[in-house]
Amino acid sequence: MSLSTHVLDTAAGRPAKDLSVRLSRRAAHGFVPVAEGRTDGDGRIREWTPLGREWDPAADPRPGTYRLVFDTGGYLGDEAFFPEVSVVFAIREAGEHYHVPLLLSPFAYSTYRGS
Numbered sequence: 001m002s003l004s005t006h007v008l009d010t011a012a013g014r015p016a017k018d019l020s021v022r023l024s025r026r027a028a029h030g031f032v033p034v035a036e037g038r039t040d041g042d043g044r045i046r047e048w049t050p051l052g053r054e055w056d057p058a059a060d061p062r063p064g065t066y067r068l069v070f071d072t073g074g075y076l077g078d079e080a081f082f083p084e085v086s087v088v089f090a091i092r093e094a095g096e097h098y099h100v101p102l103l104l105s106p107f108a109y110s111t112y113r114g115s
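Residue 25 in the UniProt record's numbering sits at position 25 of the sequence shown, with consecutive numbering throughout.
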């Protein structure tokens with residue numbers, strides 16, 4: 001099982017390079033950060049940097065509710081109407097690949113479950 005994301009800057013017509021993303025998993029007391037990453041030159045994060053012992057790259061993501069927080073303000077700067085984009089999604093099936101892309105511009109964003 002794996003999780004990836006891809007950020008496309010739709011205003012510029014290119015991948016969003018070097019955008020910081022944090023991944024959290026819902027626990028009883030709220031969301032707990034489990035991993036983070038930065039988009040590469042193609043706007044993708046294929047591998048995550050674990051934060052503590054909450055994330056096991058061999059076993060995660062396990063079924064549950066997750067949140068990706070994209071630092072869009074750090075990427076877009078002063079033009080960002082949405083300085084942060086939070087996408088909450090559910091993983092139901094173990095063993096599948098989950099891809100959660102973000103289409104981004106200074107005044108809008110969209111997401112979907114990719115493949």
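Here a beta-carbon is modelled for each residue, glycine too, at the ideal position from N, C-alpha and C.
Start and end residues, alpha helix (DSSP H) containing residue i
i, result
"threonine 72", "72-76"
Residue i - partner residues in DSSP beta bridges
i, result
"glycine 64", "Ile91"
"methionine 97", "Methionine is not the amino acid found at residue 97; the sequence shown has histidine there. In DSSP, histidine 97 forms a bridge with Ser2."
"aspartate 9", "Arg14 and Leu104"
"alanine 27", "Gly30"
"proline 50", "Ala35"
"arginine 44", "His6"
8 Å CB neighbourhood of residue i in its chain, flanking five on each side removed
i, result
"serine 110", "Leu102 and Leu103"
Rounded separation between residue i and residue j - CA only
i, j, result
"serine 20", "glycine 74", "8 Å"
"glycine 41", "phenylalanine 81", "24 Å"
"proline 50", "proline 33", "9 Å"
"aspartate 56", "lysine 17", "26 Å"
"glutamate 79", "leucine 3", "29 Å"
Unbroken beta strand (DSSP E) run spanning residue i, endpoints
i, result
"glutamate 36", "30-38"
Cβ separation of residue i and residue j, assumed to be a contact under 8 Å, to the nearest whole Å
i, j, result
"threonine 10", "serine 105", "5 Å"
Neighbourhood of residue i by C-beta distance below 7 Å, restricted to the same chain and skipping five residues each side
i, result
"tyrosine 112", "Pro101"
"phenylalanine 89", "Tyr66 and Val100"
"serine 115", "His99"
Contact test: residue i Cβ vs the ligand SAH heavy atom, cutoff 7 Å
i, result
"valine 32", "Ligands displayed in this structure: none; no statement on the ligand SAH is therefore possible."
Sequence-distant residues of the same chain with beta carbon closer than 6 Å to residue i, five excluded per side
i, result
"arginine 44", "His6"
"histidine 29", "none"
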